[in-house]
Amino acid sequence: MAQLQTKGLGRAREIYRDRARRARELKKEGRKIFGYLDINPPVEILTAAGIVPFHLLGDMSEPITKADVCLPTVVCPFLRSVMDQGLKGKYDFLDGALFSHTCEVAEKMSHIWRIYLGDSEVYYIDTPHTTHDAAVKQHKYLLEDFIKALAESTGAEITPERLREAVALHNEQRALVRELYDLKKPDPPLISGRETIQVIVALTVLPVTEGNELLREVISEVKQRPEKPPQQPARLLVWGSIMDNTALVEMIESIGANVVMDDNALGSRAYFEDVEASDDPLDGLAYHYLVSIRNPRTFRETVLDKEGRKDYMTDLEARFGHLRDYAREWHANGVILQALRYCDSHAYEVPGIGDYLDHVGLPHIYLELDYNQSALAQLRTRIQAFLELLD
Amino acid sequence: MAEVKKKPINRLKTMYPLRALVDGMYERAQEASREGRPVAWCMVNWWGGDVVLRAMDVACIYPEDYGAVCAAFGAAPAHMARCDADGFPTHMCGYARNTLGYTAIMSELGEIPPDVPMGGMPKPTLLLGSAYFCDTRYKWFQSLGRYLDAPLWVLEMPHPGVKEYQTEGAPEHDIAFLVAELKGFAAFLEKLLKKKMDWDRFAELVDDTIEMNRVWYEVNELRKAVPCPMHSRDFWSSMPASLYMAADPKETARLYRDMYDEVKALVDNRQGAVAEEKYRLAFAELPPWHSLKFFDSLAERGWNFVIESWAYHPPKPIDLSHIKDPVEKIARLTYRYFTGFFADACATQDWWGYFEHPYLEYAREYRCDGIFLHPLLTCRTATNHLMVVQDQAMKRLKVPSIVIEGDIVDLSLFDPADALRKAETFEETMDYYKEMRQKEGLDW
Amino acid sequence: MTEKTMTDRRYFAGLDLGSTMTKVIIVNDNEKVLARVESHTGAEHRRLANKVMEEALQQAKIPFDAVTYIVATGYGRINVPFADRQITELTCHARGVASFFPKVRTALDIGGQDAKGLKLDAGGKLVNFVMNDRCAAGTGRFLEVIAKMLGIPLEDLGSLSLKSKNKVNISSTCTIFAQQEVNGRLSEGAPIEDIVAGIHDAIARRAVAILKRLKIEPEIVFTGGVAKNIGVVKAVGENLGREVLVPADPLISGALGAGLLGKEIAAKARAEGKSLPKAERRLAEATFFT
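Chains as they are written, first to last, in my numbering: chain R, 588 to 978; chain L, 918 to 1361; chain U, 3 to 292.
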């Protein structure tokens, strides 16, 4: 068996390829690991409880054979894959799981997980859907309930002090990820889109301090190494559903574009806003995981125009203006909008984002993904044609 | 005198006036629009939002219902084609696609498109989205911003899990949240419509709504009788009067009381809804609205559909007489609707308290021989739980399920002939599992 | 040779390897078509792009090395080892269609297995596109299946449909269900030309649905194998409610566009004083498959 790389990009790549291996090593070291799903669960609470947060991901290369007993085919293929992995015992190292109301099917996964994979140490936070004050308040109550239940069950002491420490550590990780992303601003970028995903996915199995260490190594390595991704005619921003593997980005980068920026749950969306270091740490967490993160599943109050009227473009600017800013700062000349088939929260956004990007003059294309390799091959012509348009 | 052929399903006489109430919704909204009175497009919100709107004299229509109407009248394909042309992905909810396309055409024309069913949905003054059950129910209304400048409020609804519901203090926070949301919605309306909420009227509507649903609940309790006196077809025809608050709840309650009397008489006379009740079925989740005659063919085989569509059912009754605040009352009614089956779910260690667990309780209480599962291509929400229902009903109760696919707007996907063929085989399955249940000591 | 002579003798080749048909065009610097070859792709296409190229060279009476630039396009473009560049069929069709009809703004191309909508700007450049490559219902395949089912030669379907006075409505959006509908209508005794007209209308509706995702503006051009079917052309025009133009040679817009794009690439390199990036070429079979 090949020696595990101990540092930087090489280490990230190895962990990306086999996260379970690192998870089992951590178990041997006596760590507790909880699986969590998507971007709304507050991982700081797990860290404060001494638990390693492990992002549940699917496996695009594995056919779904067991999930049909509990999930129909017409739901998000990523979540079906996650459930399938669970039913196949691929997550047997987990000591517990934390779900939230990231989307309709993710919410239902919490119940299905309890029924089919056991209900001990499975938690669910019913993230509200709006940014109303009452919603933020409710979210805080739910976090309090979660902490109480987790502390009781695991015996962990989740004090405000520990929470503040965890917030600081996770914010540090966010800052480091932003520093890493800054390295994609030059032309050519110092790190490829593919490598970025490998690093981010590696972070999702590591305790936060270990993840921060890895990020520092990677940043340093990337700054110093002579080889860089090639300069390509197009620089793209990729928006959309969770991207837990490099397949799409690899294809894009082999056809003639560098993916220099992203907006999805395993990318900038999770790292570009810090949790506010509030006196009561739950205030910062409740606000961050409902309001600050720009997740389409959260309904943002319609932003009115200067005369107080509802105006389509004003609202779009409020919801998607960050994409224009990203494109400007990272010098992207095109946007790829991707959504998994059956992903409702992202599907509804597509025409609106399209209208907004037309308004700000950014070319874009929409790709529907099936979470399997052969479906991806069919998209090659579309992507290449889009790049030819940009020429 | 020619002999009138007896209908396979004995339809309740008292169903007809209830059904007629709902048909009037569209006309009332069109009239309100013509007279310059406010009109709201609403997602079904299980009474809280509707009571607020009614108390402010806003006429409500429900694009979810209009989707089914357009599908039945063959108007949906044209609307969906327009929705596709405007760049919306095609796997989205069929009702949403119907509405988006309809609205795109309407905003282009500047008026209700010609030849649309029921005279169409007039341009709304406001939109009421709902965060209950599926993301579509507010994202779709957000997308309407492309064509409409009507302001949008999204009503929050807590979705506790069975375990979370058991947490001390959690239900109280959930209720407080619902109350705050309803009050926020009322404030939003006051500002928009430039008039004050009549809280006395609101309180009266709340009490009437609670009573209306209580009576409606009692009607459905009577269906536990063997033979069952009221078929699902009558449930589906009668429930919109409650779900869509089509009329004044006092009037609706009167009609449900009439129905109670009719059904009680049938129970006392041991009269069933089908000539010979051989099999008792539960149906999940949304019926094929356009092909309800299909159930007549099954009735001829002795299939009586005795319980159905958890999402459409009224809440289990709850004593709210000691609650002073009417907003809290209606919030508790909604919460009761969602959590009514949680106690039983917890007791039986079943963790999906809404959508899935109700069918296990239904199977027991209504003595079901089988469950008819109807997965829908473009409605994930009404399809998600069906696999688990099938699996758990078999594992825990030895109740088998038959799976017949369809869709809410692509009506060609439902094949009644094929379904009838499968029905024959399923009867053998139901017979077999009846024996199995008796062996396990279950009493039906 | 003087530079002037070399200019007269610059040649550009475009190869369009579709899933059904392979087309090769050779043009000279004046955009005159010197060779046009059309051949069934078949299972061997990956290895036989060189054979059709040889045929084209013979027609044009030029040696392989005289070709300045070769562009490959279409489904099988990756398997042309002697191509200098691969460009997608979307970009190539746009270029080809614009050379036939300089005022084109919207183009529809329906081939054996896919359908495409193209939007061009005033300068004839592709600015947007829509593809249907998942579903047989709006493609040539649909017509093939029906032709076979009815026992009518594919090339006769169009004229037969024009005889219809009262077309049948085929509502199914899926080839398989549509076949069932056709069977149903046949057993009801519907005249064959009415059924065939209904099929043509169905394929036209699918095509127009693709175009509607782009802002449809005249001039509207229809290319591809299915554009040779006068019945579909008529049905598309009816469904659009607008005039639809069809080039005299609807099959070659991809290959022609590829050749013309090659010419532009070469001209651009010369204007910028850069050397032309060409592949190392051997006119031989593809030895690898992707």
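Beta carbons: idealized from backbone N, C-alpha and C, even for Gly.
Roughly how many angstroms separate the alpha carbons of Thr100/U and Glu157/U, rounded to a whole number?
Correcting the residue identity first, residue 100/U is Ala in this sequence and not Thr. Looking at the two C-alpha atoms, the distance is approximately 27 Å.
Around the Cβ of Met8/U, are there at least 16 other Cβ atoms within 10 angstroms (buried) or fewer (exposed)?
Unreliable positioning characterises Met8/U in this predicted model, as indicated by a pLDDT of 49, which lies under 50. A coordinate reading is not provided.
Minimum C-alpha distance to Ile702/R - residue among Met670/R, Phe733/R, Leu877/R:
In terms of CA proximity to Ile702/R, Met670/R leads the group Met670/R, Phe733/R, Leu877/R.
Are the CB atoms of His918/R and Asp774/R within a distance shorter than 8 Å?
Yes; because the gap between Cβ atoms is below 8 Å, this pair is in contact.
Less than 8 Å separating the beta-carbons of Val54/U and Val73/U?
Contact: no.
CB contact flag (Met1114/L, Met942/L, <8 Å)
Taking 8 Å as the cut-off, the beta carbon of Met1114/L is found no closer than this to the beta carbon of Met942/L.
Let me know the beta strand (DSSP E) ranges lying completely inside the region 40-102 of chain U, each 3 residues or longer, listed in chain order.
For the region 40-102 of chain U, whole beta strand (DSSP E) runs of length 3 or above, ordered along the chain, are 69-75.
Which residues share a DSSP beta bridge with Tyr13/U?
Bridge partners of Tyr13/U: Asn30/U, Val69/U.
Residues near Gln115/U in its chain [Cβ-Cβ closer than 6 Å; skip 5 each side]
Cβ within range, chain order: Ser21, Thr141, Arg143.
Please name the residues in the region 683-696 of chain R whose beta-carbon is closer than 9 Å to at least one beta-carbon of chain L, in chain order.
Under the 9 Å Cβ criterion, the region 683-696 of chain R contributes Phe686, His688, Cys690, Glu691, Val692, Glu694, Lys695.
What in chain L is Cβ-close to Glu814/R, meaning under 8 Å?
Against chain L, the beta carbon of Glu814/R has no neighbour under 8 Å; the closest one sits roughly 39 Å away.
Are the Cβ atoms of Lys280/U and Asp86/U separated by less than 8 Å?
In this structure, the beta-carbon distance from Lys280/U to Asp86/U falls below 8 Å.
Identify whether Arg862/L lies in helix, strand or coil by the three-state DSSP scheme.
Nothing about residue 862/L can be reported from this structure: the residues present for chain L run from 918 to 1361 only.
With 16 other Cβ atoms within 10 Å as the buried cut-off, status of Glu814/R:
So Glu814/R counts as exposed.
From this set, Tyr935/R, Arg667/R, Thr634/R, which residue's C-alpha is nearest Pro650/R's C-alpha?
Arg667/R is the residue among Tyr935/R, Arg667/R, Thr634/R whose C-alpha sits nearest the C-alpha of Pro650/R.
Same chain only: Cβ atoms within 7 Å of Ser932/R, ignoring 5 sequence neighbours per side:
Once the five neighbours on either side are set aside, the close Cβ partners of Ser932/R are Cys690, Pro883, Arg884.
Work out the CA separation of Val764/R and Glu804/R for me, nearest whole Å.
Their Cα atoms are separated by approximately 12 Å.
Roughly how many angstroms lie between the CA atoms of Leu658/R and Asn1301/L, to the nearest whole one?
Asn1301/L has its alpha-carbon roughly 6 Å from the corresponding atom of Leu658/R.
Is it right to say Tyr958/R is buried, meaning 16 or more other beta carbons lie within 10 angstroms of its own, or is it exposed?
Counting every other CB atom within 10 Å of its CB across the protein chains shown gives Tyr958/R a total of 16 or more, marking it as buried.
Listed from N- to C-terminal order along the chain, which residues in the region 131-165 of chain U have their beta-carbon within a distance smaller than 8 Å of any beta-carbon of chain L?
Answer in chain order: no residues at all.
Looking at Val809/R and Ile839/R, is the spacing between their C-beta atoms short of 8 Å?
8 Å or more divides the Cβ of Ile839/R from the Cβ of Val809/R.
How about Pro174/U: is its C-beta nearer than 8 Å to some C-beta of chain L?
In the sequence on display, residue 174/U carries Ser and not Pro. Taking 8 Å as the threshold, the shortest C-beta distance from Ser174/U to chain L falls below it.
On the premise that Ile1288/L lies in contact with Ala1228/L, defined as a C-beta separation below 8 Å, what is that separation, rounded to the nearest angstrom?
Beta-carbon to beta-carbon, Ala1228/L and Ile1288/L are separated by about 15 Å, too far to satisfy the 8 Å threshold.
Taking Cβ-Cβ distances shorter than 8 Å, what residues in chain R pair up with Cys1051/L?
Scanning chain R for C-beta atoms nearer than 8 Å to the C-beta of Cys1051/L yields Glu691, Asp931, reported in chain order.
State yes or no: is the C-beta of Cys94/U within less than 8 Å of the C-beta of Asp196/U?
No; because the gap between Cβ atoms is not below 8 Å, this pair is not in contact.
Could you run through the region 982-1012 of chain L and flag, in chain order, every residue whose CB is less than 7 Å away from some CB of chain U?
From the region 982-1012 of chain L, only Ala998, Asp1001, Ala1002, Gly1004 have a Cβ closer than 7 Å to chain U.
Among all the DSSP beta bridges, which residues are the ones paired with Thr108/U?
Its beta-bridge partners are Lys121/U, Ile222/U.
Member of Ala722/R, Gln725/R, Met900/R, His716/R whose CA lies at the smallest distance from the CA of Arg1054/L:
Comparing Cα-Cα distances from Arg1054/L to each of Ala722/R, Gln725/R, Met900/R, His716/R, the minimum goes to His716/R.
Could you pull the start and end residues of the alpha helix (DSSP H) that Gln925/R belongs to?
For Gln925/R, there is no enclosing alpha helix (DSSP H); the residue is found in the beta strand (DSSP E) stretching over 921-927.
Compare the C-beta of Ser1329/L with all C-beta atoms of chain C and state if any pair is closer than 8 Å.
The chain inventory of the structure shown lacks chain C, comprising the protein chains R, L and U.
Partners in chain L for Pro629/R, counting only beta-carbon separations shorter than 9 Å:
Annotation: Pro629/R has no Cβ neighbours in chain L at a cutoff of 9 Å; minimum Cβ distance is about 16 Å.
Around the Cβ of Gly1323/L, are there at least 16 other Cβ atoms within 10 angstroms (buried) or fewer (exposed)?
When all chains shown are included, Gly1323/L counts as buried.
Which of the three DSSP states is assigned to Phe291/U in this structure?
Residue placement at Phe291/U is flagged as unreliable, the pLDDT there being 48, under the threshold of 50; a coordinate-derived value is accordingly withheld.
Does the beta-carbon distance from Leu1069/L to Thr889/R come in below 8 Å?
Yes. Within cutoff.
With H, G and I counted as helix, E and B as strand and the rest as coil, what does DSSP make of Gly243/U?
DSSP places Gly243/U in the coil class of the three-state scheme, outside both helix and strand.
Please report the straight-line C-alpha distance between Ala1190/L and His1291/L, rounded to a whole angstrom.
Near 22 Å, if we compare the C-alpha coordinates of His1291/L and Ala1190/L.
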